[in-house]
Amino acid sequence: MSPLFQEVQHLPPVGRSDHQCLLLNPKHRTSTRPITKTFRSMKRSNLIALELRLSRTISDAVYEAENVDDKVSIFNGVISQALDGCMPLKSIRLHPTDKPWMTPNINAKIKLRQRAFTRGSMSQYNFLSAQVEDMIRKAKSNYYQNKAKTFRTSDPAKWYEAIYNLSGVSSQHEGLIVNSMGSEAALAEKLQISFTEPWKDLITTNIPQLDEVESLLKDYPPPLPTPTVHDIITASIKQCKYPSHYKHGLVTPVPKAYPPTDISDDFRQISVLPHIGKILERVQLQLNQNDITLRSSQHGFTSGRSTTSALISITQPWFNATDNTCRDKAGIHALFIDFKKAFDLVDHRILLNKLALMNVNKSFWLWVKSFLSGRTQQVKINQTLSSIEGCPAGVPQGYALSPTLFNIHIDDLDTSVPEDLE
Numbered sequence: 001m002s003p004l005f006q007e008v009q010h011l012p013p014v015g016r017s018d019h020q021c022l023l024l025n026p027k028h029r030t031s032t033r034p035i036t037k038t039f040r041s042m043k044r045s046n047l048i049a050l051e052l053r054l055s056r057t058i059s060d061a062v063y064e065a066e067n068v069d070d071k072v073s074i075f076n077g078v079i080s081q082a083l084d085g086c087m088p089l090k091s092i093r094l095h096p097t098d099k100p101w102m103t104p105n106i107n108a109k110i111k112l113r114q115r116a117f118t119r120g121s122m123s124q125y126n127f128l129s130a131q132v133e134d135m136i137r138k139a140k141s142n143y144y145q146n147k148a149k150t151f152r153t154s155d156p157a158k159w160y161e162a163i164y165n166l167s168g169v170s171s172q173h174e175g176l177i178v179n180s181m182g183s184e185a186a187l188a189e190k191l192q193i194s195f196t197e198p199w200k201d202l203i204t205t206n207i208p209q210l211d212e213v214e215s216l217l218k219d220y221p222p223p224l225p226t227p228t229v230h231d232i233i234t235a236s237i238k239q240c241k242y243p244s245h246y247k248h249g250l251v252t253p254v255p256k257a258y259p260p261t262d263i264s265d266d267f268r269q270i271s272v273l274p275h276i277g278k279i280l281e282r283v284q285l286q287l288n289q290n291d292i293t294l295r296s297s298q299h300g301f302t303s304g305r306s307t308t309s310a311l312i313s314i315t316q317p318w319f320n321a322t323d324n325t326c327r328d329k330a331g332i333h334a335l336f337i338d339f340k341k342a343f344d345l346v347d348h349r350i351l352l353n354k355l356a357l358m359n360v361n362k363s364f365w366l367w368v369k370s371f372l373s374g375r376t377q378q379v380k381i382n383q384t385l386s387s388i389e390g391c392p393a394g395v396p397q398g399y400a401l402s403p404t405l406f407n408i409h410i411d412d413l414d415t416s417v418p419e420d421l422e
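Using the UniProt record's numbering, the final residue of the sequence shown is 422, and nothing's skipped along the way.
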């Protein structure tokens, strides 16, 4: 104990107590710095003002632009100005141990209670203690009603997280990444190097041009969304161009194991992008889903299929060959392949050639080519950003379109197994 505490002090008993007092003073005291949180006030009056301002300015400004990149740039600028005007940023100081339901009013009441205690006014202290307990109980109830109750059936993981917060259980993983692996800036750069390392060993290939695959593609105008869909989405589909502003991904490293020890293998990279980009991808998938024909052997990222259907599709033939037959029973040879960095190592040329072989719409093929080209990424840990790197291969994780593109990339995998292994 000597490295942690000073010499023990033997003090006389307190009052008439027959117990001796021993005082242990720590040599090093840990100080907790308050956290500054920035937010926008979501009062109803502010929301109404924001809606009125956007209805007057955003439509005309976006419609007047022709290029989809200009539309997105104007859209982002108008939104930013409207938010700053109607919902200016405010900063508050929070204690690191504050729970999500704690409010400035509760903290102010706690200060008054502690002030009464230091002054020795026990009657006022008891009165304020009862008020604090009542306010916290109501705040917890409101937090559960607003944040947790709806998750019980829709998202059990978030429901359990909210219940853990309510019960006072601290997260075991909070701050674990940075504490165990160095500063945020150094860790962000290390992760960026690790995430982009596999691309250095790839053979450089050129993305196919339209004239190389034009004979495989359908040539008709794509169906456009309803007029209620924003002008940015229709412009992107018409111009066969994915907005450049949405090609930059902020990568959030998610640990696969706790505590993470290996930079290369213990992190999964999830890209964060604007919601309009996700909506645009889902619209394109819906408009072209009839042309994207995957083999029946595909079970991952496919509607109506899962690991259960995959197991049934292989175990039934195995049973028929080994036990459910009157003829000679056969042996089973199974080939299991685990892709390392599966999404990150998708070759763009191979993917676009396979997409063309599906005889998809020409405009959709050009749009996917634009989606894959010129991508960049940046690792973000809390508020720290790494340097920017290009993405010469792969489909970004976290995007709505990426699972479908990965399925297209591996769609002919079962036909690529040599016959002597089947």
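All C-beta atoms in this analysis are idealised placements derived from N, C-alpha and C, irrespective of residue type, glycine included.
From a predicted model like this one, the values you see are computed outputs, not experimental measurements.
Does DSSP classify Val283 as helix, strand or coil?
Locating residue 283 in the sequence shown gives position 283, where the first residue counts as 1. Residue state, collapsed to three classes: helix.
Entirely within the segment 87-150 and at least 3 residues each: give me those beta strand (DSSP E) ranges in chain order.
As far as the segment 87-150 is concerned, its whole beta strand (DSSP E) runs of at least 3 residues are 89-94.
Just checking, does the segment 277-295 make contact with the segment 349-369 on the three C-beta pairs under 8 Å criterion?
Result yes; three or more Cβ-Cβ pairs closer than 8 Å.
Go ahead and pull the three-state DSSP assignment for Leu23.
For the purposes of this step, residue 23 is identified with residue 23 of the sequence shown, where counting begins at 1. DSSP, reduced to helix, strand and coil, places Leu23 within a strand of the structure shown.
If contacts are defined as beta-carbon pairs under 8 Å, then Gly398 and Leu345 qualify, I think. What distance do you get, rounded to the angstrom?
Within the sequence shown, the letter at position 398 stands for residue 398. Within the sequence shown, the letter at position 345 stands for residue 345. In this structure Gly398 is not in contact with Leu345, their Cβ atoms being roughly 17 Å apart against a cut-off of 8 Å.
Taking the DSSP output, what are the residues bridged to Ile35?
Numbered from its first residue, the sequence shown carries residue 35 at position 35. Paired residues: Leu94.
Contact between the segment 110-118 and the segment 72-82 is defined here as three or more beta-carbon pairs at a separation below 8 Å; is this criterion met?
The count of Cβ pairs closer than 8 Å, one atom from the segment 110-118 and one from the segment 72-82, stays below three, leaving the stretches out of contact.
Please return the same chain residues whose Cβ sits closer than 8 Å to the Cβ of residue 461, not counting the five positions on each side in sequence.
The structure shown does not extend to residue 461, since the chain spans only 1 to 422, so no value can be given for it.
Look up Arg40 in the DSSP assignment and say whether it is helix, strand or coil.
Numbered from its first residue, the sequence shown carries residue 40 at position 40. Here Arg40 sits in strand by DSSP.
Within 7 Å, strictly: CB atoms of Ile92 and Met135
As a first step, residue 92 is located in the sequence shown; it is residue number 92 there, counting from the start. As a first step, residue 135 is located in the sequence shown; it is residue number 135 there, counting from the start. Going by C-beta atoms, Ile92 is not nearer than 7 Å to Met135.
Quick check on Thr404: does DSSP put it in helix, strand or coil?
Here residue 404 refers to the residue found at position 404 when the sequence shown is read from its first residue. The DSSP-derived three-state label of Thr404 is helix.
Under the assumption that Gln378 contacts Leu385 (Cβ atoms under 8 Å), give the Cβ distance between them as a whole number of angstroms.
Here the question's residue 378 lines up with position 378 in the sequence shown. Here the question's residue 385 lines up with position 385 in the sequence shown. Yes, Gln378 and Leu385 are in contact; Cβ-Cβ is about 5 Å, under 8 Å.
If contact is defined by three or more beta carbon pairs under 8 Å, each pair taking one atom from either stretch, is the segment 47-56 in contact with the segment 82-90?
Enough Cβ pairs lie closer than 8 Å, so yes.
Spatial distance of Ala334 from Leu250 (CA atoms)
Here residue 334 refers to the residue found at position 334 when the sequence shown is read from its first residue. Here residue 250 refers to the residue found at position 250 when the sequence shown is read from its first residue. When rounded, the distance between both Cα atoms is 39 Å.
In terms of residues, what are the limits of the beta strand (DSSP E) holding Gly377?
Here the question's residue 377 lines up with position 377 in the sequence shown. According to the sequence shown, residue 377 is Gln rather than Gly. Start and end: Thr376 to Ile381.
Just the C-alpha distance for Phe39 and Lys99, rounded to the nearest angstrom, thanks.
In the sequence shown, the residue the question calls residue 39 occupies position 39. In the sequence shown, the residue the question calls residue 99 occupies position 99. It is roughly 17 Å from the alpha-carbon of Phe39 to the alpha-carbon of Lys99.
Leaving out the 5 sequence neighbours to the left and right, which residues in its chain are closer than 7 Å to Lys256 when beta-carbon positions are compared?
In the sequence shown, counting from the first residue as 1, residue 256 sits at position 256. Closer than 7 Å at the Cβ level, and outside the excluded window around Lys256, lie Asp266, Phe267 and Arg268.
What number of angstroms, rounded off, separates the C-alpha of Ala185 from the C-alpha of Trp101?
In the sequence shown, counting from the first residue as 1, residue 185 sits at position 185. In the sequence shown, counting from the first residue as 1, residue 101 sits at position 101. Taking the straight line joining both Cα atoms gives about 31 Å.
Can you list, in chain order, the residues of its chain with a C-beta nearer than 8 Å to that of Asp18? Leave out the 5 residues immediately preceding and following it.
Translated into positions along the sequence shown, residue 18 becomes position 18. Once the five neighbours on either side are set aside, Asp18 has no close Cβ partner at all.
Excluding the five sequence neighbours on either side, which residues of its own chain have a C-beta within less than 6 Å of the C-beta of Ala310, listed in chain order?
Walking along the sequence shown from the start, residue 310 turns up at place 310. Closer than 6 Å at the Cβ level, and outside the excluded window around Ala310, lie His299.
By Cβ distance, which residues of its chain are closer than 7 Å to Arg113, with the 5 residues on each side in sequence left out?
Residue numbering aside, residue 113 sits at position 113 when the sequence shown is read from its first letter. Result list for Arg113: Tyr125, Leu128, Ser129 and Val132, in chain order.
Looking at the secondary structure, which residues open and close the beta strand (DSSP E) in which Ser416 lies?
Here residue 416 refers to the residue found at position 416 of the sequence shown. Neither: Ser416 is in no beta strand (DSSP E) and is coded neither H nor E.
Quick check: the Cα distance between Asp411 and Thr315, rounded to an integer number of angstroms?
Locating residue 411 in the sequence shown gives position 411, where the first residue counts as 1. Locating residue 315 in the sequence shown gives position 315, where the first residue counts as 1. Annotation: Asp411 to Thr315 spans about 21 Å, alpha carbon to alpha carbon.
Leu351: buried (16+ other C-beta within 10 angstroms of its C-beta) or exposed?
The sequence position of residue 351 within the sequence shown is 351, counting from 1. When all chains shown are included, Leu351 counts as buried.
Taking just the CA atoms, how far does Phe195 sit from Thr293?
On the sequence shown, position 293 is the one that residue 293 refers to. On the sequence shown, position 195 is the one that residue 195 refers to. For Thr293 and Phe195, the distance between alpha carbons rounds to 31 Å.
What residue range is occupied by the uninterrupted beta strand (DSSP E) comprising Arg268?
Locating residue 268 in the sequence shown gives position 268, counting from the first residue. Boundaries of the beta strand (DSSP E) around Arg268: Phe267 to Val272.
Would DSSP call Gln81 helix, strand or coil?
Position 81 of the sequence shown, counted from the start, is the residue given in the question as residue 81. Helix, per DSSP.
From Val62 to Arg349, what does the alpha carbon distance come to, in whole angstroms?
For the purposes of this step, residue 62 is identified with residue 62 of the sequence shown, where counting begins at 1. For the purposes of this step, residue 349 is identified with residue 349 of the sequence shown, where counting begins at 1. If you take the alpha carbons of Val62 and Arg349, they lie about 34 Å apart.
Quick one: grab the DSSP three-state call for Phe5.
Taking the sequence shown and counting its residues from 1, one reaches residue 5 at position 5. In the structure shown, Phe5 sits in a strand (DSSP, three-state: E or B).
Between which two residues does the alpha helix (DSSP H) holding Pro317 run?
The residue labelled residue 317 in the question sits at position 317 within the sequence shown. Per DSSP, Pro317 is one residue of the alpha helix (DSSP H) stretching across Thr307 to Thr322.
Give me, in chain order, the residues of the same chain whose beta-carbon lies closer than 8 Å to that of Arg53; leave out the 5 immediate sequence neighbours on both sides.
Residue 53 sits at position 53 when you count from the first residue of the sequence shown. When the five nearest sequence neighbours on each side are left out, the beta carbons in the same chain lying within less than 8 Å of the beta carbon of Arg53 are those of Ala82, Gly85 and Cys86, in order along the chain.
Pairwise C-alpha distance: Met122 and Ile270:
To locate residue 270, count along the sequence shown from 1; it is residue 270. To locate residue 122, count along the sequence shown from 1; it is residue 122. So the two alpha carbons sit approximately 53 Å from each other.
Under the rule that 16 or more other beta-carbon atoms within 10 Å means buried, what is Phe319, buried or exposed?
The residue you call residue 319 lines up with position 319 of the sequence shown. Exposure of Phe319 is indicated by the presence of fewer than 16 other C-beta atoms within 10 angstroms of its C-beta.
Output the boundary residues of the alpha helix (DSSP H) element that contains Thr234.
Locating residue 234 in the sequence shown gives position 234, where the first residue counts as 1. Start and end: Asp231 to Gln239.
Within 7 Å of any Cβ in chain D, is that where the Cβ of Arg349 sits?
Considering every chain present, this structure includes no chain D. It has just one protein chain.
Reduced DSSP category for Asn359 - H, G, I as helix; E, B as strand; rest coil
Counted from its first residue, the sequence shown places residue 359 at position 359. If DSSP states are grouped into helix, strand and coil, Asn359 belongs with coil.
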